[in-house]
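Novice:
Residue numbers (the UniProt record's numbering): 1 to 177.
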């Protein structure tokens, strides 16, 4: 399925005409932008990633979401670590260990009083989705991607689909590098 099929599944057909809040939580910096369904970026910014505690992290992220929630049809959140995107569950994160075991989508929905869907994905997988949608990998069926930041991430696209694997770590180099 295409990126559009992916969006329709999580956000619905009607909402594709609206904007989305894209958030990339990194080890040191959280970057964000308002993106249209065609990929046009209308606003962007960054702020430090609050890593001292869960309370600080949630306050920072919730504040960012509240600032933009009235103008978006959905939120995409990319995080480092092992993410079960179907459940919105952070299974493991060396960078943000206080998130382990949290169903972060539910936590953020409650904390920010959200009425729009929130999709949580591993940062390497989110980068691959973006590249297959509007980047250099558009139109390709199979790819491997490595993402370098504070840590190292990777992803696999097989037969036109993002491949998570049975434990949500397919393609990840982990601590090999």
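Idealized CB from N, CA, C, for every residue including glycine.
Computed from a prediction, not measured in an experiment: that's the story for all the values here.
Can you give the Cα-Cα distance for residue 117 and residue 44, rounded to whole angstroms?
Specialist: Rounded to whole angstroms, residue 117 to residue 44 spans 20 Å at the Cα level.
Novice: With a Cβ-Cβ cutoff of 8 Å, do residue 49 and residue 26 count as a contact?
Specialist: Cβ atoms of residue 49 and residue 26: closer than 8 Å.
Novice: Mind reading off the beta-carbon distance from residue 81 to residue 126? Whole number of angstroms is fine, and I expect it under 8 Å.
Specialist: The Cβ separation is near 12 Å, so there is no contact.
Novice: Is it true that the CB of residue 83 sits closer than 8 Å to the CB of residue 122?
Specialist: Yes, the Cβ-Cβ distance between residue 122 and residue 83 is below 8 Å.
Novice: Short of 6 Å in beta carbon distance, which residues of its chain neighbour residue 1, apart from the five on each side in sequence? Order them along the chain.
Specialist: Caution applies to residue 1, whose pLDDT of 46 falls short of 50 and renders its modelled position unreliable; the model cannot decide the point.
Novice: Rounded to whole angstroms, how far is the Cβ of residue 62 from the Cβ of residue 112, which I believe are closer than 8 Å?
Specialist: Yes, residue 62 and residue 112 are in contact; Cβ-Cβ is about 5 Å, under 8 Å.
Novice: Taking the alpha-carbon positions, what's the residue 55 to residue 66 distance?
Specialist: Rounded to the nearest angstrom, the two C-alpha atoms are 16 Å apart.
Novice: Leaving aside the five residues before and after residue 160 along the sequence, list all residues of the same chain whose C-beta is less than 6 Å from its C-beta, in chain order.
Specialist: Around residue 160: 141.
Novice: Taking the beta strand (DSSP E) that residue 144 belongs to, which residues open and close that run?
Specialist: Unbroken beta strand (DSSP E) run through residue 144: 143-148.
Novice: From 53, 37, 146, pick the residue whose C-alpha is nearest to that of residue 171; which is it?
Specialist: With distances taken between Cα atoms, residue 171 lies closest to 146.
Novice: Starting from residue 122 and walking both ways along the beta strand (DSSP E), at which residues does that stretch end?
Specialist: Taken as a continuous stretch (DSSP letters only), the beta strand (DSSP E) holding residue 122 covers 118-122.
Novice: Provide the residue span of the beta strand (DSSP E) that contains residue 47, from first to last.
Specialist: Element bounds for residue 47: 41-48.
Novice: Hey, out of 99, 32, 20, 33, whose CA is closest to residue 51's CA?
Specialist: For residue 51, the nearest C-alpha among the options comes from 99.
Novice: Note down the Cα distance separating residue 47 from residue 166, rounded to an integer number of angstroms.
Specialist: If you take the alpha carbons of residue 47 and residue 166, they lie about 34 Å apart.
Novice: Relative to the C-alpha of residue 40, which candidate in 20, 152, 109, 151 has its C-alpha closest?
Specialist: The option with the nearest alpha carbon to residue 40 is 20.
Novice: Report buried or exposed for residue 59, applying the criterion of at least 16 other Cβ atoms within 10 angstroms of its Cβ.
Specialist: Exposed, since its Cβ has fewer than 16 Cβ neighbours within 10 Å.
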